[in-house]
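In the numbering used here, the protein residues as written are 5 to 255.
We put the CB at the ideal spot given by N, CA and C, even for glycine.
For reference, the structure discussed in these notes is given below.
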Amino acid sequence: MAEPTYLDTAQGRRIAYHLTEGDGPCVVFLGGLKSDMEGTKAVHLEDWAQATGRAFLRFDYSGHGQSSGTFEEGCIGDWHEDTLAVIDGLTQGPIVPVGSSMGGWQSLLLARARPERLAGLVTVAAAPDFTEDGWWAGFDDAQKAELEAKGQVALPSDYMEPYIVTKRMVEDGRTRLVLRDPLELPFSVRMLQGTADTAVSVATATRLLEHAASPDMQLVLVKDADHRFSDRTCLDLIEAAVEEIIAAIEE
Numbered sequence: 005m006a007e008p009t010y011l012d013t014a015q016g017r018r019i020a021y022h023l024t025e026g027d028g029p030c031v032v033f034l035g036g037l038k039s040d041m042e043g044t045k046a047v048h049l050e051d052w053a054q055a056t057g058r059a060f061l062r063f064d065y066s067g068h069g070q071s072s073g074t075f076e077e078g079c080i081g082d083w084h085e086d087t088l089a090v091i092d093g094l095t096q097g098p099i100v101p102v103g104s105s106m107g108g109w110q111s112l113l114l115a116r117a118r119p120e121r122l123a124g125l126v127t128v129a130a131a132p133d134f135t136e137d138g139w140w141a142g143f144d145d146a147q148k149a150e151l152e153a154k155g156q157v158a159l160p161s162d163y164m165e166p167y168i169v170t171k172r173m174v175e176d177g178r179t180r181l182v183l184r185d186p187l188e189l190p191f192s193v194r195m196l197q198g199t200a201d202t203a204v205s206v207a208t209a210t211r212l213l214e215h216a217a218s219p220d221m222q223l224v225l226v227k228d229a230d231h232r233f234s235d236r237t238c239l240d241l242i243e244a245a246v247e248e249i250i251a252a253i254e255e
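Quick look at the structure:
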C-alpha cells in the first residue's frame, strides 16, 4: 500500500490523500461513514483512472483512515470542511464526485457549496440527512435521553463495530439537511442503489430522485445488491456511470 500525501487544513486537521494526475474532469471519491480510501470502490476507481489516463482523487475525512483525529470527534460539518479543503487545495477545473453512502450526502453539500465546480455526479447508496431521518428518527425515548445525558449513544451496525453517535453529530447534521429545501443539481446525475441494502433504503433513493432538480438524473436499482455495492457487477456499474457522465461532458 503506497504511503499517502497529507494536506493540512485551515481547521488544523491533517487529511491523507492519493492524487492521480491525468485528464479532467477530476473524478473525486467521497467515502462513507467510518469507511476509508482503501476501500474496494475507491481503489477500483483509482485503477480505472490510471488505466484510462484520468485525473482521480481519494482521501480520508478527519477521524477516518489515515487522517488525523478520531471518529467520535467529528460530524457532517467537519467532513464537509475536509471535502472543501481537498477540492479547493488539490483540484482545478471541473470535477465529478462519486459519493458513496455518507459520501453521497457530502457530494450534495459540495454541489451546494461549489456548484460551479461540479460537471456531473455519481452516487452509490447515497444517504442524505441520515443523522436526522435514520438515527434521530429511529431513537427510542431511552436512547434520546442517553444522548442528552451522556452526549453519546452506541448504535449497532451490520457492517462493522457499533457506531458511537454523539449529540454533536446529530445537532450538526440538523444544520446540513438537503432534502428539506430546494436542491439544484444542474448537471447529469447517476444514482446507483441496491435493493438488498439494509443501511440505505430504496425509498431514500427515490426520495432524493424526486426531490432534486436536475436536467438529467437517473436512478439504477440493482436487485439483491447490498450496501457495500462492491462485487464485480456493481463495480462495473460504477465505472460505467462515471464514463457516461464524462462522455456527456466531453461531447
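Original post:
Shortest alpha-carbon distance to Phe33 belongs to which of Leu11, Met106, Gly81?
Top reply: Nearest Cα to Phe33 within the set Leu11, Met106, Gly81: Met106.
**OP:** With DSSP as the reference, label Phe33 as helix, strand or coil.
**Re:** Strand.
Subject >> DSSP beta-bridge partners of Asp220 >> reply: The partner list for Asp220 (beta bridge, DSSP) reads Ser192.
Original post:
Closer than 9 angstroms, CB to CB, is Lys171 near chain B or not?
Top reply: Protein chains in the displayed structure number just one, and chain B is not present.
Subject >> Outcome for Thr179 when other beta-carbon atoms lying within 10 angstroms are tallied against a minimum of 16 >> reply: Residue environment: Thr179 is assigned as exposed (fewer than 16 neighbouring CB atoms within 10 Å of its CB, all protein chains considered).
Original post:
Which residues in the same chain have their Cβ closer than 6 angstroms to the Cβ of Tyr65, if we skip the five residues on either side of it in sequence?
Top reply: The residues are Trp83, Asp86.
Subject >> Contacting residues, own chain, Cβ-Cβ under 8 angstroms from Pro98 (five flanking each side not counted) >> reply: Excluding sequence neighbours, Pro98 sits near Gly28, Pro29, Cys30, Arg121, Leu122, Ala123, Ile253.
Original post:
Does the stretch 7-26 come close enough to the stretch 48-58 that 3 or more CB-CB pairs lie under 8 angstroms?
Top reply: Yes, they touch.
Original post:
Exposed or buried, which one is Lys227 when buried takes at least 16 other CB atoms within 10 Å?
Top reply: Residue environment for Lys227: exposed (fewer than 16 other C-beta atoms within 10 angstroms of its C-beta).
Subject >> beta strand (DSSP E) segment containing Gln54, residue limits >> reply: Secondary structure note for Gln54: it is in no beta strand (DSSP E), and the uninterrupted alpha helix (DSSP H) holding it is 44-56.
**OP:** For the stretch 135-142 and the stretch 235-253, state whether three or more C-beta atom pairs, one from each stretch, are separated by less than 8 angstroms.
**Re:** The stretch 135-142 makes no contact with the stretch 235-253; the number of CB pairs closer than 8 angstroms stays below 3.
**OP:** Figure out for me which residue from Ala55, Val224, Thr135 has the closest Cα to the Cα of Gly177.
**Re:** The residue from Ala55, Val224, Thr135 with its alpha-carbon nearest to that of Gly177 is Thr135.
**OP:** May I ask which residues mark the beginning and end of the alpha helix (DSSP H) holding Asp210?
**Re:** In the sequence under discussion, the amino acid at residue 210 is Thr, which differs from the Asp named in the question. Residues 206-215.
**OP:** Assign Pro119 to buried or exposed, taking buried as 16 or more other Cβ atoms, counted over all protein chains shown, within 10 Å of its Cβ.
**Re:** In summary, Pro119 is exposed, with fewer than 16 beta-carbon neighbours lying within 10 Å of its beta-carbon over all protein chains present.
Original post:
My guess is that Ser111 and Leu125 are in contact by the Cβ rule of under 8 angstroms, so how many angstroms apart are they, rounded?
Top reply: Going by Cβ atoms, the distance from Ser111 to Leu125 rounds to 6 angstroms, so yes, they are a contact pair.
Original post:
Taking the alpha carbon of Pro190 as the point to measure from, which residue in Ser205, Gln15, Ser218, Glu247 has its own alpha carbon closest?
Top reply: Here the closest residue by C-alpha is Ser218.
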